[in-house]
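Residue numbers (the numbering used here), protein chains in the order written: chain A, 397 to 1177; chain B, 397 to 1177.
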């Protein structure tokens, strides 16, 4: 990529950012958009829905920035919970890392790269238009002593990142413990979930649970709640919801000013409406009757699932039961920590043990398939960024693409947009996969989806490039050689000559093996399938194939433009998060159709969508900082903008739906460790190719030490995120002994794990209370 | 291998077996060998050491066979513990499997193979003298429908083995639970080991333990025993032992008839002896004084290690403390199940946490290095089995090796012996590795060593063959081509022609990929290093290299002779186990030097040496049964002989040193599952090469189902072997409540984990009790 193309792209993105910011500061002040931009404040009653019109409403103001900046971490913790704090810690962590790496990169590495002379001798411009490469490590002379500066940077940044990782892990685990100590008694602290309860002939599951726990845990057991099969009920309730929503829309419109304006509705239409309303009302009452019957049937008869929530007198008692295998047969009386009552994913319980097992297997297969097959659109989209490629695929476009501006837009911005749209679909799919995997809580589902999306992103956006790099190189050559094999072979041999003189001689085969090994299966795979055949056509021998391949891999490693694409993706995505484009559009579409007052609900941040994004940019920054330090300013701006925007969103938009108390942090830690290891692998390859073998062997201790550091962290901090220790639990239990309200709490606890589908629900409007508005239970949303 | 060579080898081995049996039945009756052959009976006082001489003592009698056959499993359990029963179950399990597989193999597969006509057309005899191959699957015609019989055999045997594995796992876990229920209260059931105890300023570790457990486990905690650094003491004690042993030898000889005979010792010699004895006595008394001082110092001062055995009132209480993370900091108060007091490996405690960690890492590296580098002698030894190879390496031997008998001995027996000797060194080395890995008990060390030896054996003896097969093939060709390149290339091309016509055409490259994949890294590795270069010399292109390689791998798979080598190894090794050659030699050497009465000690079976042997023959039988069914009779005889011999040894020789209560079984299970998977992989390759693609694709579900079966077994049975369930422990605790002797037991328990080095020990003979013989404590043996 040439500098001007990068600048065009940066310009477009910067413009978009400013546009989004301005748009947001105007749109958020419109009362009709309060549902979209400040749903939390609306729900808390802090903002009045209707305010008088004034001019100030149409002017962009930066006041929200100040308000987003102000709250301290304690205030954020109080209002949005520990998960939000952990999310913000990811951004703060990344800012710290990239400030440090940025100083080294911009003030030390960049001048070193720029003053190198490697690329002056090799004319790369004709090959792929790579002029940004003068800022990257590829401009440093092969075998130059200056590469030791890069080497030291790798060591220093690794040590710094590990130190920060340690501090953050400790900080988050302290926060987690502090959160636990300061928490009120909560039902899930005293409760475990027991699955695979054996059924003895004649006795119900409830009896079985009662007799088992009174037998083996007589001093701590309090009560239990057997789970019932409520699929049917849930279907009924969702039918009722739909019906009642329609009914309210038909009936409740008088309160809305909008409908008063469209006074053209005739008598006929209103007659139909009344008839329809009565019909719906009748149907709703039938459904309600049905539901009540069904509910009583489920409560009475043998609709019990072989699982139950069992509550104990103390947290320590519950933990003892959770940690130990209960039954002689380890597949019976399987215990798990109970999630918060609001966090339980009720539909899960309807599947059997075998069913869960099979679906888990299928989910794993499906996730792997999605992750690998997704490469096809990615490859296509990435291909658009390469003009050469486009010209080969669509020769008729050649004339259009020769216009500078169009080619710059095509290479600079267009591909990102398409890729972005593709990537948008992935988190919901992964969440769906996780939801059928057998987790008992929404938080577990989200955590598992988060993991899946992280690996998906790393594999597709990072390693996809290797595959693309190699296959596109070879197909360009192929296409050219097919056109004119003589010209092609001349061209090829000269290219190889040039590259070899600049980069490495073809005799040094071991180098390639190192790189192939480093970059995983990507390269050998594409060699086997496409390249091997293609090169046979050209008639080249194996040695030259390998050296071409090496060249392609090397090109990829230094491909700053490709690294810059996701960066600019990041800018767009984080600003569009501010404007909430999709909810806004939905809100605009739905507004005239349904009565928004009743459907209104505060959203929660989809962690499985946003954490992988942050982690991916972290990975990109860590792996590229020493190759192409130019990446760092873009990353810093991304994280700064992200910091302010997400704080704003936590204050105004997202309310916590559940609390994992920081359980997302281990995912972050693992991903960062992986980034470091990848960075070391790339450094090993680069130093080998740059003919500094001493440096590449001296890199080897670094990944080993990083892995040892990770092993230590797993021992030191990870257990805290899995379960609380005996010391913690006993201390907390002792505190409670003196609290008078505990008896009341235990009374309440007995029913807290009642399936909401079994609670009495009423949607229909009784004849005697026709005018009273009913609040909607938002259980299954 | 030709049939006559096999028969020679079988003859030698059978002869050796008979010889060993005869030798044993005579030797065991000699009173001087009682220490070697019936140490258990001697220790129990069931056998008088001195019996009168009679002729019957010199005649071989089969009475011991009857006595070994008689005891029931319950009697074995009572006398030798559950570990011995589990060991015998491995043999019984293998017998069942190979009886079933043997019936299928001998009566169905063998006739099918023999009546095939594949090898009649291809003249293999000139190539490697393979005439046993007519009994193997290689004689079945390519693409023949008869291969479906082999296919069905693979399915049926897999199902049968899985069924048996399930039954055995269940049986052993029942036995384990029954053993626990029927056991007397034992200290280790009530005790946990706590490590990484934090030190608070001013307080001792003992205080710290006391305050922690009275704080958090006030209702169940009884007592604790802090571990002390006793390296110095152990050194002193071993010095004392050595000295006192010499002293007794000098002084105590009057009781021995042997010395009376050598009456030639003059006055001078006896004077020196008295002086020396006095000197030793003085030194011993000094050492004892030293030891007493050291002991009192260790007991008083800050020689405490940050680890302690903590005892509880109930098994459930101990289990709760063991299963839960105790401290907020997971690296402190780390809990573990305590081993039996006699099983504790005291030297471990002298190393620090970091030290243990580093030594663990080093041990892993060392084990991998040993496992891979061991291939060198193996390859050399295996090379001896190949006459062609020998002739190439040592051309001067050509004339000697042409003598039929010598060549048969060389190929049939000699290599095994050398390999055996090499392999004998491995288990002690692996045990040494495990002992510095940080395990707290001898049983854990032995289990870990067992695992290491299993993988060592599988890798070296099984996969080593692949490497050897490929590299020897290529080096034969290389040598020949160097001699006469024209002749060689003719030879080669004709061989390839022949092989290809018989086996597969060189265009079908994917086949090779399958095999390479199946047989792990072995083949590609050797291709890269040796063959690639060698083939360049010959100037062949890549395609022919690949087809040669394929041929070599195929040859290996069908190499019944190589499979027969370890079989005959087995016969020798199991009969030499009966005669206990090495202990016998040691006993004969030591007898005149030391007073055997005091040093006498009952040995225990080294499970880490013998379990891997049995498992390896199991692996061999399972993987080869459908390729070369001729292997099965040999295996059956091996296991039958093993059954009777090991029963005999358990009754007469080995006493249990500790009891893991069946914890060795999971290793057996895993190894069998691995064998099945390997069998499926080989079947996949063979059916592909035999041009029955439908069969090879139909094999694919089998490994998947086997893995699922294994996953189920891990959930169903493995937890039982890790810790007992709450149900089990609470039941057992309740039983004890009614036992009157419990108070006494708890009193005793407090001192049961006392380090034996801190107990008062006396070796020197006091002036007032000069004649009374002292019993030797055999603590550190």
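Just so you know, even glycine gets a beta-carbon here, dropped at the ideal spot from N, CA and C.
Per DSSP, the unbroken alpha helix (DSSP H) holding residue 1004 of chain B starts and ends at 1003–1020. The continuous beta strand (DSSP E) containing residue 621 of chain B extends over residues 617–624. Runs of beta strand (DSSP E) with 3 or more residues, each lying fully within the region 522–606 of chain A, are found at 587–591, listed in chain order. Legend: CB atoms of the region 703–735 of chain B lying less than 7 angstroms from CB atoms of chain A belong to residues 715, 716, 719, 720, 721, 722, 723, 724, 726 and 727. With distances taken between CA atoms, residue 463 of chain B lies nearest to B:434 out of B:725, B:494, B:1146 and B:434. When C-alpha distances from residue 674 of chain B are compared across B:754, B:640 and B:1029, the shortest belongs to B:640.
Closer than 7 angstroms to the CB of residue 614 of chain B there is not a single CB belonging to chain A. For residue 587 of chain A, no CB of chain B lies under 7 angstroms from its own CB, so it is not counted at the interface with that chain. The region 1011–1031 of chain A and the region 497–505 of chain A touch, with no fewer than 3 CB-CB distances between them shorter than 8 angstroms. Under the Cβ distance rule, residue 1099 of chain B does not count among the residues neighbouring chain A, no pair being separated by less than 7 angstroms. In the three-state reduction of the DSSP assignment, residue 705 of chain A falls in the strand class, which pools E and B.
Closest option to residue 695 of chain A, judged by alpha-carbon separation, among A:622, A:1082 and A:487: A:622.
Note that the C-beta distance between residue 969 of chain B and residue 1053 of chain B is not below 7 angstroms.
Chain order gives the chain B residues near residue 1115 of chain A as 721 and 726, where near means a beta carbon separation below 8 angstroms. Secondary structure of residue 723 of chain A (DSSP, three-state): coil.
Between the alpha carbons of residue 626 of chain B and residue 848 of chain B lies a distance of about 29 angstroms.
Interface annotation, residue 763 of chain A: not in contact with chain B, CB-CB separation never under 7 angstroms. Near chain A, meaning a CB-to-CB distance below 7 angstroms, the residues of the region 590–613 of chain B are 612. Going by DSSP, residue 997 of chain B is part of no beta strand (DSSP E) at all; its letter is neither H nor E. For residue 768 of chain B, the closest Cβ of chain A is not nearer than 7 angstroms.
By the neighbour-count definition (other C-beta atoms within 10 Å, threshold 16), residue 1093 of chain B is an exposed residue. Here residue 430 of chain B is actually not in contact with residue 975 of chain B; their C-beta atoms are around 15 angstroms apart, not less than 8 angstroms. Here residue 583 of chain B is buried: its Cβ has 16 or more other Cβ atoms, across all protein chains shown, within 10 Å. Between the alpha carbons of residue 756 of chain A and residue 833 of chain A lies a distance of about 5 angstroms. Under the three-state reduction of DSSP, residue 1055 of chain B is assigned to coil, being neither helix nor strand. A straight-line Cα-Cα distance of about 42 angstroms links residue 634 of chain B and residue 488 of chain B. Residue burial is scored here from C-beta neighbours: residue 800 of chain A has fewer than 16 other C-beta atoms within 10 angstroms and is therefore classed as exposed.
In the structure shown, residue 798 of chain A falls within a coil segment according to DSSP collapsed to helix, strand and coil. Counting the other Cβ atoms within 10 Å of the Cβ of residue 576 of chain B gives 16 or more, which makes it buried. In the three-state reduction of the DSSP assignment, residue 1093 of chain B falls in the helix class, which pools H, G and I. Within chain A, no residue has its CB atom less than 8 angstroms from the CB of residue 468 of chain B, the nearest being about 25 angstroms off. The residue from A:610, A:817, A:595 and A:618 with its alpha-carbon nearest to that of residue 977 of chain A is A:817. At least one C-beta of chain A is nearer than 7 angstroms to the C-beta of residue 1112 of chain B.
Partner residues in the beta bridge of residue 731 of chain A, as assigned by DSSP, are A:590. Using a Cβ-Cβ cut-off of 8 angstroms, residue 573 of chain B is close to 724 of chain A, given in chain order. For residue 690 of chain A, DSSP assigns no beta-bridge partner whatsoever.
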